[in-house]
Each structure stands twice: as C-alpha cells, then as structure tokens.
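K.L.:
Per numbering that gives the first Met the number 0, the very first residue in the sequence shown carries number 0; after that it's consecutive. This structure is in structure tokens; I'll ask about it shortly.
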Amino acid sequence: MLPDNPWQVHAANLAKFTWDNFAIKRDRHGIYTSTGAASWSFSELTQRDLRSHFEGTVTLGIGSTNVDDQCLWLAWDLDNHVRDHATNQNLQYALLLRDRLAELGSVVLIEHSDGKGGIHVWLRFPEPIPAESAFRFAKWVVRDFADHVSSIECFPKQPTVQHTESKCGNYLRLPGKHHKRGHWSVFYGEHGWLSLTESVTAWLTLPATDPAILSHAPKPDPRPIPPAVFPADVDERRIADALHFIPSDDYETWVKVGQCLHSAGDSLLPLWQSWSASSEKFREGECESKWKTFSRTSNGVGLGTLFEIAKQSGWQPPARQPASRDRAKQPVSQTPANPNEKQTDLKLTPASDVQEQPLHWLWQDRFLIGHVNIIAGDPGLGKSMIAVDVAARVSTGCNWPDGSPCVAGAVIYSTTEDGYADTVKPRLAAAGADISKITFLEGMAYSDGSEGAVFLDEHLPYLDNHLAGNPDVRLVIFDTLQSFVGD
0 MLPDNPWQVH AANLAKFTWD NFAIKRDRHG IYTSTGAASW SFSELTQRDL RSHFEGTVTL
60 GIGSTNVDDQ CLWLAWDLDN HVRDHATNQN LQYALLLRDR LAELGSVVLI EHSDGKGGIH
120 VWLRFPEPIP AESAFRFAKW VVRDFADHVS SIECFPKQPT VQHTESKCGN YLRLPGKHHK
180 RGHWSVFYGE HGWLSLTESV TAWLTLPATD PAILSHAPKP DPRPIPPAVF PADVDERRIA
240 DALHFIPSDD YETWVKVGQC LHSAGDSLLP LWQSWSASSE KFREGECESK WKTFSRTSNG
300 VGLGTLFEIA KQSGWQPPAR QPASRDRAKQ PVSQTPANPN EKQTDLKLTP ASDVQEQPLH
360 WLWQDRFLIG HVNIIAGDPG LGKSMIAVDV AARVSTGCNW PDGSPCVAGA VIYSTTEDGY
420 ADTVKPRLAA AGADISKITF LEGMAYSDGS EGAVFLDEHL PYLDNHLAGN PDVRLVIFDT
480 LQSFVGD
C-alpha cells in the first residue's frame with residue numbers, strides 16, 4: 000500500500016532539496032531513538048539517509064556547521080519543557096522573529112516540531128557562510144528573548160567547531176516525523192498552521208536569504224575588556240546574559256555551569272533550570288537532584304568560571320563601573336556585624352591530615368576498581384572491540400594481554416552502538432566470554448510498564464543499588480559514554 004502522508008509521498012524530493020540546501024555537514028549526522036536518546040552517528044550522511052528520515056523509518060538531526068566552520072542555515076529552537084503557557088509564548092515570539100527577519104529581507108519557516116509546543120524557526124542561505132558570522136547574527140536576532148520566553152537555543156551554537164569533540168558542533172532534528180510521538184511537522188502560514196501537504200510545499204520552496212543580512216549584527220568590540228568589579232550581591236541579569244551564549248547540550252559543561260551557579264547560592268537554581276531546558280536532553284527534576292550533590296566549597300569553580308566559559312562562546316561582558324575610592328579604602332572587618340549570622344569562609348585541610356588510601360586495580364596501571372575508566376580515541380580505532388575483549392577476560396578470569404592475572408567476575412554491558420543479539424553477543428562469544436556472567440543493561444523499566452533510556456546523571460542511584468546487592472559484578476561498561484551522559 001502506498002503511503003498517503005505527504006512527507007512520505009514526497010520523501011525523495013524532500014531528501015534532494017535538504018541535501019542541496021541544508022546538508023552542509025555530511026561526514027556525520029544526529030540519530031534519535033524512540034526512547035528519546037540521541038547521539039552523533041559514526042557514518043557519513045547520504046541522500047538515502049535523508050529519504051529514510053522523511054519516510055518516517057528513522058529520525059535524523061542535521062549538523063549546523065562543517066569541519067571548515069561553514070554554515071548553510073540558521074535555526075532557533077524554542078522548547079516547551081516547563082509550562083503549559085509556554086506553548087503560546089513560544090509561538091508569539093517565533094512570529095515576532097519572523098516579522099523582525101522579514102523587515103531585514105529574510106523569509107523563515109516556523110515549525111511545530113514536537114506536537115507539544117516546541118518550535119523551530121528555520122532560515123537558509125544560498126551559499127556557505129562563516130560560522131562565526133552565523134553565530135553572531137543568530138544571537139543578535141534574539142537579543143531580547145528574555146523579555147518574551149524563558150529560553151531559546153540558536154544554531155549554530157558556537158562560532159567555531161574546532162574545539163568541539165571531533166569538530167562536530169551540534170545538530171538539530173529535521174522536519175518530519177517526531178522520534179517519540181506520531182507527530183509530523185507542520186509550518187505556520189499567514190494566519191495559522193498549514194496542512195501537511197502545504198507544509199511539505201513550504202519546505203521545498205523556502206527561499207534563500209541574502210548573506211548580506213549578516214552585516215546587521217554588530218561585530219565584537221576588539222578593545223580589551225576592562226576588569227570587572229563585582230558587587231556583593233549577585234547580578235542575575237548579567238549571569239542570564241552570559242548563559243545565553245553557553246551551549247547546554249554538553250554534559251561536562253552542564254555540570255560545571257550548575258556548580259558555578261551553586262557557588263553563589265540556591266537562589267540561582269531557577270536560572271540553571273531555565274538554561275538547561277534549552278537542551279533536548281533536558282529531563283524534569285534532573286537539575287534539582289544534581290544541585291543537591293554540589294558542595295558550595297569543594298567544586299573549585301565560581302561565577303568567574305562561568306563568565307570565562309561564556310567568553311569562550313562569544314559573550315562580551317558589559318563594562319562595569321569601578322568601585323568608589325572611599326569604599327575601596329575602607330578596611331575589611333574581621334568581625335561579623337551580627338555574631339549569630341552564618342558566615343562563609345574557606346574550608347582548608349592540611350595535607351598532613353589527609354589519610355592516604357591504596358589503589359585497587361582491575362588491570363594493573365590501566366583500569367582502577369571503583370573509578371571511572373575511559374577508553375578514548377578517534378572513531379574507527381576499535382574502542383568497542385577493546386571493551387568486548389576486556390569484558391570477555393573479566394567474565395572468565397583469563398589473563399590480561401601482558402600476562403598479569405585477572406580476577407573473574409560478572410559484567411554489566413550497555414551499548415547504543417550495536418544490537419545485542421546480532422553483534423554484541425556474537426562478538427563476546429567469539430572473544431571467549433562466559434556468556435552466563437554477562438548481563439545486558441538495555442534501559443530503565445518503570446512501574447507503569449513503560450521503558451526508557453538510561454541517563455547516568457538521573458539513574459545512577461539505581462545502578463548503585465544493584466551493585467550493592469550484587470558484589471560479584473566487577474565491571475560495568477557503557478559504550479559510548481556520551482550516549483548515557485550527553486555529548
């Protein structure tokens with residue numbers, strides 16, 4: 000039976016148009032699963048991949064920037080992770096952006112992307128443009144976003160991908176079928192949402208924007224930034240402005256930003272939540288639970304660290320007025336004005352008071368017991384095959400490659416790279432593993448009978464509980480790590 004959904008019917012034409020006008024990054028692409036997990040592929044993008052996407056058999060994300068720091072398109076992502084009324088706020092701001100860009104000579108498409116109020120605004124160019132110019136313009140266009148919506152995400156997310164993992168940058172899900180819901184993308188017309196057929200036509204006929212539009216965004220001031228003098232109180236507007244420039248998808252950055260905000264007090268938790276909600280990886284409640292794990296004195300970061308991260312992403316902090324000389328001359332009181340008031344001070348521990356603890360090795364000088372051990376390397380070097388070999392040796396107690404003994408134990412193995420039945424188990428068997436000692440962690444099982452993906456920042460306590468009750472487990476493998484903790 001032939002499909003009757005216009006996106007599927009016109010999949011070939013959609014793939015060709017998208018390939019010619021949006022696929023600036025073709026060495027890799029984003030892949031989404033029905034559980035909500037998403038990660039970069041390790042294969043090149045093809046027109047056949049795009050056709051499969053528009054046919055609804057897979058869901059793909061397209062990279063905004065190629066390895067040469069060039070872009071063909073811009074987009075703004077307004078997610079709805081928090082409030083019901085954000086749905087209308089998102090649309091109203093998207094319409095404002097459409098009108099604003101129309102005044103500059105650009106035509107954009109407003110996409111209802113997820114079926115629950117999330118919106119993508121798309122703009123394309125006729126030729127590759129510098130990522131730095133695209134990034135600066137995208138940020139400038141939404142310079143007033145905080146007056147209208149809680150958060151917005153710009154693509155590209157950074158002025159260069161040279162310092163990102165594998166020079167990948169970030170991807171955005173293409174219009175088409177949503178990976179978790181049966182929603183198919185529709186675009187907003189002059190007076191309301193278009194039909195599916197009209198939406199397909201709108202995508203195929205989206206005109207290119209003259210790159211001269213980029214000149215409207217002011218270039219960064221080349222003059223040195225004067226040193227900032229921070230007041231005793233926290234300047235939340237300044238922090239929010241800095242956060243706007245920091246991409247929220249990378250897990251390490253997400254944690255560090257949270258630690259920076261936590262160092263200034265619990266009042267900044269809502270700022271972290273709002274910024275985190277701009278990522279597709281956002282999960283309700285994860286900020287609150289992670290916030291509780293931070294220590295105000297032991298994270299080693301503060302607001303200064305946050306501002307440095309923002310500067311690296313293109314933020315230009317406004318100059319501050321220096322403190323008055325009279326105030327600067329006043330001595331700092333060593334006695335609290337209120338003796339009962341809780342004071343903040345450094346927590347210092349002499350090294351002589353620290354009790355040393357011995358290290359315990361799974362494989363001497365390579366894999367520590369009770370620690371995170373990472374096998375790192377470029378794609379295609381065989382990291383997954385090394386993981387299989389290590390798992391096989393632990394399951395049987397076979398000596399390590401250098402001849403040193405290996406204590407046998409159970410292994411938990413979780414991967415998003417390959418199928419357990421057709422790839423992972425056969426590989427383990429070929430490596431001589433004791434299959435009875437291997438357990439595959441396939442996801443989370445909830446009390447209502449549903450299942451979901453594993454996210455270590457959210458589900459680590461469940462793993463801890465399992466390990467506490469199963470002391471025979473000597474090894475847990477996650478392949479690849481970024482699939483479980485973010486890009």
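Virtual Cβ for every residue (Gly too), placed ideally from N, Cα, C.
Among the residues of its own chain, which have a CB less than 8 Å from the CB of residue 367, if the five just before and after it don't count?
P.N.:
For residue 367, where only same-chain residues beyond five positions count, the Cβ hits under 8 Å are 358, 359, 360, 361.
K.L.:
Got a sec? Which residues, its chain only, sit under 6 Å from residue 187 by beta carbon, not counting five neighbours each side?
P.N.:
Once the five neighbours on either side are set aside, the close Cβ partners of residue 187 are 109.
K.L.:
Excluding five sequence neighbours on each side, which residues of the same chain lie with their C-beta closer than 8 Å to the C-beta of residue 454?
P.N.:
Here the set comprises 280, 282, 285, 483, 484.
K.L.:
Output the distance between the C-alpha atoms of residue 353 and residue 364, rounded to the nearest integer angstrom.
P.N.:
Their backbone Cα atoms lie some 23 Å apart in a straight line.
K.L.:
Could you say which of 406, 435, 439 lies nearest to residue 422 if we only look at CA atoms?
P.N.:
The residue with the shortest Cα to Cα distance from residue 422 is 439.
K.L.:
Please report how far the alpha carbon of residue 123 lies from the alpha carbon of residue 179, in whole angstroms.
P.N.:
Whole-angstrom Cα-Cα distance: 27 Å.
K.L.:
Do residue 408 and residue 471 have their beta-carbon atoms positioned less than 9 Å apart in this structure?
P.N.:
For residue 471 and residue 408, yes; Cβs fall inside 9 Å.
K.L.:
Quick one, which of 53, 22, 31, 304 has its alpha-carbon nearest residue 12's?
P.N.:
When each option's Cα is compared against that of residue 12, the closest is 53.
K.L.:
Between the C-alpha atoms of residue 479 and residue 415, what's the straight-line distance to the nearest angstrom?
P.N.:
Residue 479 and residue 415: Cα-Cα distance of roughly 7 Å.
K.L.:
Do residue 93 and residue 71 have their beta-carbon atoms positioned less than 9 Å apart in this structure?
P.N.:
No.
K.L.:
For the 8 Å Cβ check, are there 3 or more pairs between the stretch 140-150 and the stretch 96-111?
P.N.:
Segments in contact, yes.
K.L.:
Alpha helix (DSSP H) containing residue 259: first to last residue?
P.N.:
Per DSSP, residue 259 belongs to the alpha helix (DSSP H) from 250-261.
K.L.:
Do you know how far the Cα of residue 413 is from the Cα of residue 42?
P.N.:
Distance between the alpha carbons of residue 42 and residue 413 is about 21 Å.
K.L.:
For residue 284, name the three-state secondary structure that DSSP assigns.
P.N.:
Residue 284: coil per DSSP, three-state reduction.
K.L.:
When you compare only the Cα positions, how much space is there between residue 115 and residue 75?
P.N.:
When rounded, the distance between both Cα atoms is 17 Å.
K.L.:
So, does the stretch 445-461 touch the stretch 386-396, judging by three or more C-beta pairs under 8 Å?
P.N.:
As far as the Cβ criterion goes, the stretch 445-461 does not touch the stretch 386-396, which means the pair count is below three.
K.L.:
Quick check on residue 474: buried or exposed, where buried means 16 or more other Cβ atoms within 10 Å of its Cβ?
P.N.:
That one is buried.
K.L.:
With a threshold of 8 Å, are at least 3 pairs of Cβ atoms found where one atom belongs to the stretch 149-164 and the other to the stretch 253-261?
P.N.:
No, because fewer than three Cβ pairs between the stretch 149-164 and the stretch 253-261 fall closer than 8 Å, the two stretches do not touch.
K.L.:
What are the uninterrupted segments assigned as beta strand (DSSP E) that are 3 or more residues long and contained completely in the stretch 120-165, given in chain order?
P.N.:
For the stretch 120-165, whole beta strand (DSSP E) runs of length 3 or above, ordered along the chain, are 152-154.
K.L.:
When you compare only the Cα positions, how much space is there between residue 563 and residue 121?
P.N.:
What is shown of the chain runs 0 to 486, which leaves residue 563 out entirely.
K.L.:
Let me check one thing: in DSSP terms, what residues is residue 172 bridge-paired to?
P.N.:
For residue 172, which the question treats as bridged, DSSP gives the partners 60.
K.L.:
To which residues does DSSP link residue 111 through a beta bridge?
P.N.:
Answer is 118, 185, bridged to residue 111.
K.L.:
Mark residue 151 as exposed unless 16 or more other C-beta atoms lie within 10 angstroms of its C-beta, in which case mark it buried.
P.N.:
Per the 10 Å Cβ criterion, buried.
K.L.:
Within the continuous beta strand (DSSP E) that includes residue 37, where are the two ends?
P.N.:
Counting along the chain, the beta strand (DSSP E) containing residue 37 begins and ends at 37-39.
K.L.:
List the residues that DSSP assigns as beta-bridge partners of residue 74.
P.N.:
Paired residues: 121, 154.
K.L.:
Using 8 Å for Cβ pairs, my map puts residue 22 next to residue 30. What's the rounded Cβ distance?
P.N.:
Between residue 30 and residue 22 the Cβ distance is about 15 Å, and since that is not below 8 Å, they are no contact.
K.L.:
Is the beta carbon of residue 476 closer than 9 Å to that of residue 410?
P.N.:
Yes, the pair counts as a contact, with Cβ atoms nearer than the cut-off.
K.L.:
Within this structure, are the beta carbons of residue 59 and residue 28 separated by less than 9 Å?
P.N.:
In contact: residue 59 and residue 28 (Cβ atoms closer than 9 Å).
K.L.:
Quick one: Cα of residue 466 to Cα of residue 181, how far?
P.N.:
C-alpha separation (whole angstroms): 37 Å.
K.L.:
Please look up how many angstroms separate the CB atoms of residue 111 and residue 192, rounded, as I've assumed it's under 8 Å.
P.N.:
Yes, they are in contact, since the Cβ atoms of residue 111 and residue 192 sit about 6 Å apart, within 8 Å.
K.L.:
Tell me which residue opens and which closes the alpha helix (DSSP H) that residue 237 is part of.
P.N.:
Counting along the chain, the alpha helix (DSSP H) containing residue 237 begins and ends at 235-242.
K.L.:
Kindly identify the DSSP beta-bridge partner or partners of residue 443.
P.N.:
Bridge partners of residue 443: 451.
K.L.:
What do you reckon, is the C-beta of residue 364 under 8 Å from a heavy atom of the ligand FAD?
P.N.:
Of the ligands one can find in the structure shown there are none, so the ligand FAD has no counterpart to examine.
K.L.:
Output the distance between the C-alpha atoms of residue 394 and residue 382, rounded to the nearest integer angstrom.
P.N.:
Looking at the two C-alpha atoms, the distance is approximately 18 Å.
K.L.:
Closest by CA to residue 432, which one among 392, 260, 307?
P.N.:
Minimum Cα distance to residue 432 is reached at 392.
K.L.:
Per DSSP, which residues does residue 413 bridge with? Please list them.
P.N.:
The partner list for residue 413 (beta bridge, DSSP) reads 477.
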